[in-house]
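Q: I have a structure here, written as C-alpha cells, and I will follow up with some questions on it.
There are 2 protein chains.
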Amino acid sequence: MAIKVYLEEVLKARGMTSKELSALVGITEANLSILRSGKAKGIRFSTINKICYYLNCDVGDILKFDGILDMEDTEDHE
Amino acid sequence: MAIKVYLEEVLKARGMTSKELSALVGITEANLSILRSGKAKGIRFSTINKICYYLNCDVGDILKFDGILDMEDTEDHE
DNA sequence: TCCCGAATTATCGTAAAACAATAATTTTGT
DNA sequence: ACAAAATTATTGTTTTACGATAATTCGGGA
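Structure follows, in C-alpha cells:
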C-alpha cells in the first residue's frame, strides 16, 4: 500500500505497547493490530486524533506516502 | 476538529483548483469540498494516496494534529 | 522448556460514513 | 454582470471501521 502506517515504530520510540495504546485510545487490540499492520483501508479522524494525542506525535509520523500511486482499488486490476 | 485538513493551502501552493484535483483523484467536487472544509469524519487510504500523488506532497502536509484531544465523539458530550 | 502475557488472526454483526450522482445555490474572479 | 468554481443539500449504495469475542501464535523471562 502506498500509504504506510508507522505505528509500530512510534510505539517503540515511546516504549509503549499496542495493548496500552489500545486501552488509551479506546479501540480493541484486534483493530489496532489491523491498523498497525497496514491492513486497514481507511481511518476516522477521531481515531487518528486519539492516537496522535496519546503518542504525542503528528499525523505525518504515523501515516506516510511512499510516492507510489496504488491502483489496487481501481476497478480494473488483478 | 483536532485533526485539521490543509488541502486548501496545498492546492494554492500548487496553483491547482479543487475541480482539477477532483478530476485527477476521481472523486466528486462535492466530496472533495467536504474533505477540504474539514467536514469529513474519516478518509480512505486510497483517497489520501491519490491526493498525495497528484499534489506531490506527504500525508503530513494535508493532515495535521493540532495538539487537542477532541471529545466530540465520546458518547457523553453536548 | 514451560508459562504467560502480548499480539495476531479470524468471525460475525452493526452502525457509521465515504463516496457517487445530481442539482441548486452561492461565491469569486475578471 | 457573467461564467466558472465551489459549496451545500439530498438521496442512495456500499464499503468498512470498529466492537465483541475467541482461538492461535509469538516472545521473553524464570
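In order, the protein sequences belong to chains F and R. For the first sequence, numbering that gives the first Met the number 0 gives the first residue as 0, with consecutive numbering after it. For the second sequence, numbering that gives the first Met the number 0 gives the first residue as 0, with consecutive numbering after it. For every residue, glycine included, the Cβ atom is placed at its ideal position computed from N, Cα and C. All figures in this text were calculated on a predicted structure; none of them were measured in a lab.
Once the 5 residues before and after GLU71(F) are set aside, which same chain residues still bring their CB inside 8 Å of it?
A: So the list reads MET0, once near-sequence residues are dropped.
Q: Who are the neighbours of MET0(F) on chain R, taking C-beta pairs under 9 Å?
A: What MET0(F) touches in chain R: PHE44, SER45 and ASN48.
Q: Counting pairs of beta carbons, one from the region 21 to 31 of chain F and one from the region 20 to 30 of chain R, are three or more of them closer than 8 Å?
A: Segments in contact, no.
Q: Counting only Cβ pairs nearer than 8 Å, list the residues of chain F close to LYS80(R).
A: Residue 80(R) is absent from the model: chain R starts at 0 and stops at 77.
Q: With distances taken from CA atoms, which of ILE67(F), PHE64(F), VAL4(F) and LYS49(F) is nearest ILE33(F)?
A: Answer by Cα proximity: VAL4(F).
Q: Would a check of beta-carbon distances place TYR52(R) closer than 8 Å to chain F?
A: Answer yes: the Cβ-Cβ gap between TYR52(R) and chain F drops below 8 Å somewhere.
Q: Of all Cβ atoms in chain F, is any one closer than 8 Å to the Cβ of LYS11(R)?
A: No, no contact with chain F.
Q: Would ILE2(R) and ASN48(F) be called neighbours here (beta carbons separated by less than 8 Å)?
A: It is a contact, given that the beta carbons lie within the stated cut-off.
Q: Could you spell out where the alpha helix (DSSP H) holding GLY59(R) opens and where it closes?
A: Unbroken alpha helix (DSSP H) run through GLY59(R): 58 to 61.
Q: Determine whether the Cβ of LEU34(F) lies closer than 8 Å to any Cβ atom of chain R.
A: Chain R, which has no Cβ nearer than 8 Å to the Cβ of LEU34(F), makes this no.
Q: With the cut-off set at 8 Å, would you say GLU7(R) and ARG35(R) are in Cβ contact?
A: Yes.
Q: Quick check on the burial criterion: 16 or more other C-beta atoms within 10 angstroms. Buried or exposed for ILE67(R)?
A: Exposed is the call here.
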